[in-house]
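Scroll down for the structure; my scribbles are underneath it.
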Amino acid sequence: MVIPSGFLFALLTAVLVIFGDTLIKVAADRATLSSPPMFAGMALYAISAICWYYTMRHAGLAEGAVAFSMLSLIALCLIGATIFGEPIGIRQAFGMIFALAAMFFMSQQA
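Each residue of the sequence shown is one higher than the one before, starting from 1 at the first, in our numbering.
Written out as structure tokens, the structure reads:
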């Protein structure tokens, strides 16, 4: 099975944003706005914007957006729970289920 390059760029974008979000959360909880975690998170956001550009060159907006959103939502919920001790309630659980369902339906051929 060959994964289209647009989806690979979408996944790379999501990974960069996820790590950027995590660093910004660390800065927000434990450091100042001018701390190294904040600057590193912002740098990852900038790099993710370049990856998103390549996603849009190789995939449709809907497909790229769904892949990015699904991975980001699920990963950030799990990171929030495991690293920051944030609870995963029924709303978050259903959000992750619906994100997976959306990705499944968007990947199906019409």
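Don't be surprised by glycine CBs; every beta carbon is placed ideally from N, CA and C.
Which word fits residue i, buried or exposed, when buried means at least 16 other C-beta atoms lie within 10 angstroms of its C-beta?
{"i": "I83", "result": "exposed"}
{"i": "L171", "result": "Shown here, the chain extends from 1 to 110; a query on residue 171 therefore has no answer."}
{"i": "S48", "result": "buried"}
{"i": "A81", "result": "exposed"}
{"i": "G89", "result": "exposed"}
{"i": "L23", "result": "buried"}
{"i": "G64", "result": "buried"}
{"i": "G60", "result": "exposed"}
Which of the three DSSP states is assigned to residue i in this structure?
{"i": "T22", "result": "helix"}
{"i": "T32", "result": "coil"}
{"i": "A59", "result": "coil"}
{"i": "F84", "result": "coil"}
{"i": "G41", "result": "helix"}
{"i": "G64", "result": "helix"}
{"i": "L16", "result": "helix"}
{"i": "G89", "result": "coil"}
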